[in-house]
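Asker:
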Amino acid sequence: MSKAFYRRAEFYALTAAALNGTLGVLTHFGLNSGISHHQIAFWKCFIAFLILMAYCMVKPSERKTVFALRHKSLQFAILAFFGIFCLYFFETWAFKEAPIPLVSFLVYASGGITLILSSLFLGEKMGVNKCLSFGLIIIGVYCLFNFAGQTSGNYTGIVLALLGGLGYALFIFLSKLMNIGSGISVLLWLFGFGSIYLAIPAIHEGLQFPSGIALLMILGLVLLPSIGGFYFTTKAVEEGEASSVQITETSEPLFSTLLAFLIIGETLDWIGTLGALFIMSGLVVSILKKPREPQLISS
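Residue numbers (full-length UniProt numbering): 1 to 299.
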């Protein structure tokens, strides 16, 4: 018997995409408040770690799980490098150099690597529905990329966004390969190692504690894309195929662009609207055409 939609990997991945869609707008206001991208990347990770650590310490069951996972510390260190450091460091910097829709598109354009690696090493089939879904979403986000219309000569932002996307794609793949699981305890380990990595550039620059608008934006980043987004991503990877999760989360630029339109005042022209329609079509294909074969890797 098939699971209800709200219990399926697609729902978790779509929720993660919506939460991650707040990243661009919140980072935009944080950068405009005067704090640097290195400080934003570090503090949103470290504060998330402190919140999760406090929660786990007061919950005996979570505290026990945290200590039980210590034998996976090397795996968490590897995953945190790609999924936390690479994504946070490069993507946050990219938002300083390029517009929100462009960065969002380029980050998820690297998701094709997940499809290839999942097919080669996880035994996940590259079915027609996956290819069609991914193709539709890529066309959609490419339309949003054209809608941004501010890419001329912005090679720094392009390279940074691609590096962030590469790290995230490898995180999705390795999470499934290592069968790392999900939950608050897993996030605590990831954010712990991520904080260590991100502290290096932040301290080298000169560590500054955020205040005012910057602090509010960082707290928003902590609760929504950091804790919320990563929780639902790891949950999606645990419940479904890594390639399907990557495909569904490729819809994140749609949420980013819509929020940029509603809050910052960016408008969608006809090509932006067309891109949104392509993305939604890709989501429908991904969600409705669920592969019937059993999972090859169980949690």
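Ideal placement from N, C-alpha and C gives every residue a C-beta, glycine not left out.
This one's a predicted model, so the numbers in the text were calculated from it and none came from an experiment.
1. Less than 8 Å between the C-beta atoms of T248 and A13, yes or no?
2. At what residue ranges does the UniProt domain "EamA" (9 to 145) contain a whole run of the alpha helix (DSSP H), taking only runs of 4 or more?
3. Measuring straight from C-alpha to C-alpha, what distance separates E97 and T156?
4. Quick one: grab the DSSP three-state call for T250.
5. Looking at C-alpha atoms only, which residue of G272, L258, I172 and A199 is the closest neighbour of K235?
6. Please list the terminal residues of the continuous alpha helix (DSSP H) segment that includes A199.
7. Taking the alpha helix (DSSP H) that G228 falls in, what are its first and last residues?
8. Return the CA-CA distance between Q150 and I158, expressed in angstroms with no decimal places.
9. Less than 7 Å between C-beta atoms, sequence neighbours within five positions excluded: which residues of the same chain meet that for L174?
10. Taking just the CA atoms, how far does L177 sit from C56?
11. In terms of alpha-carbon separation, which member of I213, F134, F278 and E124 lies closest to G34?
12. Pop quiz: G24 and I40 are said to be a contact at Cβ under 8 Å. What is the actual Cβ separation, rounded to whole angstroms?
13. So V107 packs on G164, CB below 8 Å; how close in whole Å?
14. Do you know offhand how far L187's Cα is from I227's?
15. Measuring alpha carbon to alpha carbon, tell me which residue in K44, I263 and L190 is nearest Q208.
16. Over the uninterrupted alpha helix (DSSP H) stretch that includes I158, give me the two end residues.
Answerer: On the basis of the data shown:
1. Contact: yes.
2. Runs found: 9 to 20, 23 to 32, 37 to 58, 60 to 68, 73 to 80, 87 to 97, 100 to 109 and 112 to 121.
3. Straight-line Cα distance between these residues: approximately 7 Å.
4. It is coil, neither helix nor strand.
5. Per the C-alpha coordinates, the member of G272, L258, I172 and A199 positioned closest to K235 is I172.
6. Segment I184 to E205, the alpha helix (DSSP H) holding A199.
7. Per DSSP, G228 belongs to no alpha helix (DSSP H) and is neither H nor E.
8. A caution first: Q150 carries a pLDDT of 49, below 50, which makes its placement in the model unreliable, though a value can still be read off. So the two alpha carbons sit approximately 11 Å from each other.
9. Hits under 7 Å: I78, L79 and F82.
10. Taking the straight line joining both Cα atoms gives about 26 Å.
11. The option with the nearest alpha carbon to G34 is I213.
12. With 8 Å as the limit, G24 and I40 do not qualify as a contact, their Cβ atoms being about 12 Å apart.
13. Correct: roughly 5 Å between the Cβ atoms.
14. Cα-Cα distance, rounded: 8 Å.
15. Selected option, being the one with the closest Cα: K44.
16. From DSSP, the alpha helix (DSSP H) with I158 extends over Y155 to L177.
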